[in-house]
Every structure is written in structure tokens, then in C-alpha cells.
Amino acid sequence: MNLFEKLYALIILSAAAIGIFIGQIDAIQANAERFIVPLLVLMLYIIFLQIPLQKAKQAFGNTKFSSVSLLMNFVWTPLLAWFLASLFLGEQPALYIGFIMLLVTPCTDWYLVFTGIAKGNLALSTAILPVNLILQILLLPFYLLLFGGTAGVVELSFLAESVFAVLLLPLLLAIATKRFLKSRKCFSGISQPLLSALPVVFLSLAIAAIFASQGALLLDNLKSMWLLLIPILLFFTVNFIVGQKTGQLMKFSYEDKVSLNLTTLARNSPIALAIALTAFPDQPLIALTLVIGPLLELPILAVITQLLLVLRKRSFT
0 MNLFEKLYAL
10 IILSAAAIGI
20 FIGQIDAIQA
30 NAERFIVPLL
40 VLMLYIIFLQ
50 IPLQKAKQAF
60 GNTKFSSVSL
70 LMNFVWTPLL
80 AWFLASLFLG
90 EQPALYIGFI
100 MLLVTPCTDW
110 YLVFTGIAKG
120 NLALSTAILP
130 VNLILQILLL
140 PFYLLLFGGT
150 AGVVELSFLA
160 ESVFAVLLLP
170 LLLAIATKRF
180 LKSRKCFSGI
190 SQPLLSALPV
200 VFLSLAIAAI
210 FASQGALLLD
220 NLKSMWLLLI
230 PILLFFTVNF
240 IVGQKTGQLM
250 KFSYEDKVSL
260 NLTTLARNSP
270 IALAIALTAF
280 PDQPLIALTL
290 VIGPLLELPI
300 LAVITQLLLV
310 LRKRSFT
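Per numbering that gives the first Met the number 0, residue 0 is the first one in the sequence shown, and the count goes up by one each step.
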């Protein structure tokens with residue numbers, strides 16, 4: 000776990016604070032928005048470079064784990080997200096959509112860090128990662144139309160264009176880049192710590208730009224943002240318990256239960272944020288929801304990893 004990963008939540012919070020501060024300058028506030036999407040596309044390109052897509056086939060070597068994980072991530076979790084959003088955010092369309100987007104996109108990077116800390120099955124988590132990425136790209140428009148179509152915010156044409164421009168193009172470019180570098184036998188020479196740090200840098204710059212352009216909107220809607228706290232906490236609590244009970248029912252080892260828990264808890268806010276900013280340019284509260292989400296998620300995941308370690312200690316005593 001490198002320094003950027005340890006300080007991730009603090010970096011994001013600092014970027015938001017800096018954005019609000021520099022957004023007081025009219026010239027910056029007026030021009031900050033145009034930098035957001037390019038920065039997020041660069042971030043996703045670097046993230047996709049690190050995802051071992053060739054390991055997707057390995058995920059299905061353990062069919063029991065893969066089946067349970069995919070059902071929880073792409074059937075159970077979207078239904079839970081819709082239920083919680085309807086229960087707590089039904090009268091706030093922008094928060095409703097942002098909350099749905101946050102929860103239907105499984106994490107494709109940070110959860111490996113927490114899996115390692117909690118002594119989970121890191122190889123299995125890595126193998127399922129590219130499958131999670133591909134399925135969330137394909138299914139995100141479907142979830143938004145299914146669960147968000149009645150919110151009056153989702154438009155199919157904008158959504159399709161956004162998925163193609165913000166997700167598929169960086170993914171295809173990353174695949175082409177890796178093939179080119181491997182053919183030149185130089186991909187392995189790229190510094191992995193540098194690759195791991197760059198997405199945090201680009202995300203932080205994008206968040207600073209978001210808050211520079213929309214900081215006043217956030218300050219005007221602080222009470223609304225507090226509405227996210229209870230459903231997010233409920234999501235993590237319910238999904239943790241369901242993951243543990245499912246792992247016990249399927250007779251998973253401790254390591255596999257950890258992998259199941261964390262792949263079904265950690266969320267992919269950068270991908271959802273990139274889509275929100277292009278598909279819903281007139282709904283900045285959706286993007287702000289997806290920035291607030293990780294500030295709550297990361298401390299919760301840190302607590303959960305320690306809880307898992309306690310459970311591991313008890314299982315060996």
C-alpha cells in the first residue's frame with residue numbers, strides 16, 4: 000500500500016477544499032469545468048492500463064465464487080441500491096441518480112488494497128476484477144434506464160454517447176497501448192508505483208475543478224448531502240452481513256469470504272463520476288454525490304478490513 004493509497008481520502012478531501020477556495024476567483028470558476036472530463040478520461044486510461052484483462056478467463060476457474068460474486072454485484076446490489084434510493088432519496092432526483100450510479104459500479108482497483116490488508120484471496124480478487132469492469136460498462140446504462148428512468152433525468156442518447164466516449168475509448172486505447180508496449184517488450188519496465196499514483200493525481204485535479212466550478216452549489220445543498228449518510232451506511236452494513244452469510248452458506252474459506260465481501264462492498268466512483276459529468280451536464284448534484292461517496296466509503300472500508308481481521312483471529316483460536 001503506497002503513500003497515495005494510504006492518504007487517498009485525505010487527498011480527495013484536500014482537493015475539494017482547494018477547489019472551493021480557488022473557485023472564489025471568477026476566472027477560475029468560469030473555466031474550471033472544461034478541464035474535468037479530460038482529466039477523468041486520462042485517469043481512466045491509466046487505471047485501465049493496470050487492469051489485467053487477460054485474467055478474465057481465470058475468474059471462471061472458480062465457478063462457485065465467480066457465480067456468487069457476479070450475482071451479488073450485478074443482481075442483488077442494484078436491487079438493494081434501488082430500494083435504499085427509493086426509501087431515502089425518492090424526493091431528490093439528482094441524489095437518487097448519483098446514489099444509484101455509485102452503488103451499481105463495483106470497484107476495479109482500490110478493493111485489492113483492502114483485500115490484501117484483510118488477508119483475503121488476492122489472486123481470486125484480481126481475476127474477477129476485469130469481469131467486473133466489462134459488466135459494469137455494459138450494464139450501467141441498463142441500470143440507469145431501469146431504476147432512474149422515472150426520475151426525469153436519464154436520456155438514452157446522452158448516456159450511450161457518454162459510455163462510449165468516457166469508458167470505451169479509454170479502455171480500447173489502454174488495450175492497444177498494452178499490446179504495443181508488450182510487442183516492444185517494454186510494458187514491464189513501466190513503474191507500477193507511478194501508474195498507481197497517477198490516477199489519484201488526475202482524480203484529485205478533476206475534483207478540485209469540480210468544486211471550483213460547483214463549490215457554491217455544494218455549500219447551498221449541504222443539508223441535501225447529509226441525506227446520503229444513512230443509505231450509504233445501510234448499504235455497507237447490509238452488504239457486509241449478506242456477504243458473510245453467503246460465504247458461510249457456500250462454505251468459502253476465510254480468504255474467499257474476504258474477497259467476496261470487499262468486491263461487493265467497494266464501489267467504482269471514478270467511472271460513475273466520469274459518466275455523470277458527460278451524461279448529466281445540467282445536473283451537477285449528481286457529480287457531487289459521487290465525490291461525497293468515496294469520502295464516506297474509504298473510512299468504512301478501513302473499519303471493515305479491521306473487523307475482518309478480528310474475525311480471522313477468532314477463526315484460528
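All C-beta atoms in this analysis are idealised placements derived from N, C-alpha and C, irrespective of residue type, glycine included.
As the structure is a prediction and not an experimental result, all values here were calculated from the model.
Tell me residue i's beta-bridge partners as DSSP assigns them.
| i | result |
| --- | --- |
| P105 | R266 |
Grouping DSSP H, G and I as helix and E and B as strand, with all else coil, what is residue i?
| i | result |
| --- | --- |
| S212 | helix |
| I24 | coil |
| A31 | coil |
| F251 | coil |
| L227 | coil |
| R313 | helix |
| D281 | coil |
| R178 | helix |
| P140 | helix |
| I50 | coil |
| N220 | coil |
| N120 | coil |
| G60 | coil |
| G97 | helix |
Within a Cβ cutoff of 7 Å, which residues of the same chain sit near residue i, ignoring the five residues on either side of it in sequence?
| i | result |
| --- | --- |
| L123 | N61, F64, D255, S258 |
| L233 | L83 |
| V67 | T245, M249, L259 |
| Y44 | P169, L172, A173 |
| Q305 | none |
| T114 | L121, S124, V257, S258, L261 |
Whose C-beta lies closer than 6 Å to the C-beta of residue i among residues of the same chain, with five residues either side of it excluded?
| i | result |
| --- | --- |
| S276 | The sequence shown places Leu at residue 276, rather than the Ser named in the question. Answer for L276: I35, V36, A286, listed in chain order. |
| A271 | M100, L101, T104, L289 |
| L41 | F201 |
| F146 | W81, I99 |
| S314 | Y253 |
Which residue from the options puts its Cα closest to that of residue i?
| i | options | result |
| --- | --- | --- |
| W75 | T104, Q49, G97 | T104 |
| L294 | A196, L132, S203 | S203 |
| L48 | I274, L284, L132 | L132 |
| R266 | L306, D219, I291 | I291 |
| A80 | L172, L139, V302, A31 | L139 |
| P51 | S68, L197, V200, P129 | P129 |
| L144 | A278, A273, T236 | A278 |
| N72 | A301, I127, I274 | I127 |
| T263 | T236, A26, I274, P280 | T236 |
Among residues of its own chain, excluding the 5 on either side of residue i, which ones have a beta-carbon nearer than 8 Å to its beta-carbon?
| i | result |
| --- | --- |
| L217 | I19, F210, M224, L287 |
Looking at the ligand ADP, does it come within less than 7 Å of residue i, judged from the CB to the closest heavy atom?
| i | result |
| --- | --- |
| S182 | By its list of ligands, the structure shown contains no ligand whatsoever, and the ligand ADP lies outside what it can speak to. |
**Q.** Cβ contact (3+ pairs, closer than 8 Å) linking the region 237-253 and the region 210-227
**A.** no
(Q) Measuring CB atoms only, is the region 163-182 touching the region 10-28, in the sense that at least three cross pairs come out at less than 8 Å? (A) no
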